[in-house]
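Residue 276 is where the sequence shown ends in our numbering, and the numbering goes up by one at each step. Every residue gets a Cβ at the ideal spot worked out from N, C-alpha and C, and that includes glycine. Accompanying notes for the structure given below.
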Amino acid sequence: MKRTPQSQAPADADARRAIKPVICYPVDTLPEPNRATYAAARKTMELTDEVIVPPRDAQTFHVPSGNFFRIVSVDGPQVGDLNLWSADDLSERFYSGKTRALHGTHLSTGDHMWSSFPHMRPMATITYDTLDWYGFDADGGGVHDVIGTRCDPYTSRLLSGQDYHYCCHSNLTRALAFETGLPLHRAEAHVHDVLNVFMCTGFTHEKHQYFMKASPVRPGDYLEFFAEIDLLGALSTCPGGDCSTEHSSDTATCYPLRVEIYRPDSKMLLRWVPPEPSAYTRSHGV
Ligand SMILES: [Zn+2]
């Protein structure tokens, strides 16, 4: 964390620090999400399926491309950890780090969830966010981050010396193993960094440490996505509940989350083109 420098600052240290930043990945050249098409399609959508995720557990769900899905708060404030895979190929999965590099630390309406290399295409696009009013608070906190990973039994063991089996990582592993029939250790290898749905997080001003605070989500709030490809999803109800105090334990009050799948009128999607995998040649200079 570089708080106690061992190296002397050079004479031009202030000048070096004063250089203006540039955006690493300007997104001006990304195709704009066709908001008008999504908006028209979502007006026609009808509920086709729903899945309840019990507290401190995870469930899988399927969303055909061209359909919508919502993660809905029910009963009380609860954070959800979301994994996405291509329904046809578990090796194509949500790439949290690249999504963060492109869209920033927290996602909302109009942002894509990008898939891993070599596919690198939008898996889903966020089409509605009832918490978009939150913005960034005075602590620098925002909602729906791609900066955290997922709570897991390895870090818990490292920091507390205890084994806890209902972290999001283990919840997602159990759910994927049950869905696919894979043994636990093979399913675990497919679990990846998440979109932290409804979680309120940021970095402290002083030490830039990852923090969480009570989620502003309330029953009835939802985050809505358009499935750009056929998706297998898994959602964990974090044992941290609203993540106001701690996770990786049975201490916090936890609530279920509901996943709702919606099918729009297909005529509304005539101008929508499903995304192709990246056109990069994969020759890597050879
Ligand atoms: Zn968690």
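7 Å Cβ cutoff met for residue i and residue j
i	j	result
Trp104	Tyr85	yes
Leu80	His180	yes
Tyr212	Val62	yes
Phe58	Gly223	no
Ala269	Ser234	no
Cys244	Pro45	yes
Thr117	Asp255	no
Ser238	Tyr144	no
His109	Pro267	yes
Asp119	Ser226	no
Arg248	Glu36	no
Asp135	Asn186	yes
Met202	Thr194	no
Pro23	Thr115	yes
Ala217	Ser98	no
Collapsed DSSP secondary structure at residue i in the structure displayed
i	result
Lys203	strand
His52	strand
Met35	coil
Phe107	coil
Asp63	Note that residue 63 corresponds to Ser in the displayed sequence, not to Asp. Residue state, collapsed to three classes: strand.
Leu259	helix
Arg253	strand
Asp4	helix
Leu162	helix
Leu92	helix
Arg25	helix
Ser76	strand
Gly100	coil
Gly275	coil
Ser86	helix
Heavy atom of ligand 1 within 6 Å of residue i beta-carbon
i	result
Cys244	no
His134	no
Cys190	no
His237	yes
Cys277	With the chain covering only -9 through 276, there is no way to say anything about residue 277.
Cys141	yes
Cys228	yes
Residue i burial status per 10 Å Cβ neighbour count (16 or more: buried)
i	result
Glu82	buried
Arg60	buried
Pro16	exposed
Gly231	buried
Arg25	exposed
His175	exposed
Gly151	exposed
Cys14	exposed
Tyr200	exposed
Thr241	exposed
Asp183	buried
Gln49	buried
Ser76	buried
Ile251	buried
Arg7	exposed
Arg261	exposed
Ala5	exposed
Residue i CB to nearest heavy atom of ligand 2 below 6 Å
i	result
Asp71	No copy of ligand 2 occurs in the structure displayed; its ligands are ligand 1 alone.
| task | Kindly provide the ranges of any beta strand (DSSP E) runs that are 3 or more residues long and lie completely inside the stretch 109 to 159, ordered along the chain. | result | Listed in chain order, the complete beta strand (DSSP E) runs (minimum 3 residues) inside the stretch 109 to 159 are 112 to 119 and 132 to 135.
| said: Going residue by residue through the stretch 170 to 242, where are the continuous beta strand (DSSP E) segments of at least 3 residues, counting only ones entirely within it? | reply: If we require 3 residues or more, the beta strand (DSSP E) runs fully inside the stretch 170 to 242 come out as 185 to 193, 200 to 203, 212 to 217 and 221 to 227.
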